[in-house]
Amino acid sequence: MINLHSLALIILIVSSVKTINSDYNLEDWEKKIEYTTSFLEKSACKSSIKRGDFVEINLNTFSIPNTSRSRIKAAFIVGEFGVLYINETIIGMCIGDVKRIGIPIGKGKIFYQFEVLTINTGT
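Written out as structure tokens, the structure reads:
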């Protein structure tokens, strides 16, 4: 028999999963357990990000099938950020670009969705 507390927890989990899918609009191919990368917004620019540039990004992370999520603003030198895939994927992006990468972890997947805010060319 399910008590009221358990039922509320189940409803919260189901609501969170729906929120993630509707917030991030995952495509079916992105839900597969393999590495994925996709441009969500692409800007035209004269100068794109290179290794050694100092950048600021808005970074959203979330996972499936779990409902964990976080949002931070990060500033770093490209090539020195703690997430290897972001260091590689951000090269060639411009201010205003938004990209999402998905990395398989066990039977799930963690997503990093990031928007480039500023680029300061490395010396």
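All the letters of the sequence shown, read from the start, carry residue numbers -19 to -1, 1 to 104 under mature numbering (1 follows the signal peptide of the UniProt record, and there is no 0). We put the CB at the ideal spot given by N, CA and C, even for glycine.
Practice problem: Below 6 Å CB to CB, which residues in the same chain sit around G83 once its five sequence neighbours on both sides are set aside? | Solution: To locate residue 83, count along the sequence shown from 1; it is residue 102. Taken in chain order, the residues that qualify are E11, T17, K90, F92.
Quiz item: Can you pull the DSSP bridge partners for S44?
Solution: Taking the sequence shown and counting its residues from 1, the one referred to as residue 44 is at position 63. According to DSSP, which records beta bridges pairwise, S44 is partnered with I91.
Quiz item: Any heavy atom of the ligand GTP closer than 7 Å to the Cβ of G89?
Solution: Looking at this structure, you won't find the ligand GTP or any other ligand, since it has none at all.
Quiz item: Helix or strand or just coil, what does DSSP make of D4?
Solution: Within the sequence shown, the letter at position 23 stands for residue 4. A caution first: D4 carries a pLDDT of 48, below 50, which makes its placement in the model unreliable, though a value can still be read off. Collapsing the DSSP output to three states places D4 in a helix.
Exercise. Determine the closest residue to T70 out of I76, G77, R81, with distance taken between C-alpha atoms.
Key: By 1-based counting over the sequence shown, the position of residue 70 is 89. It is R81.
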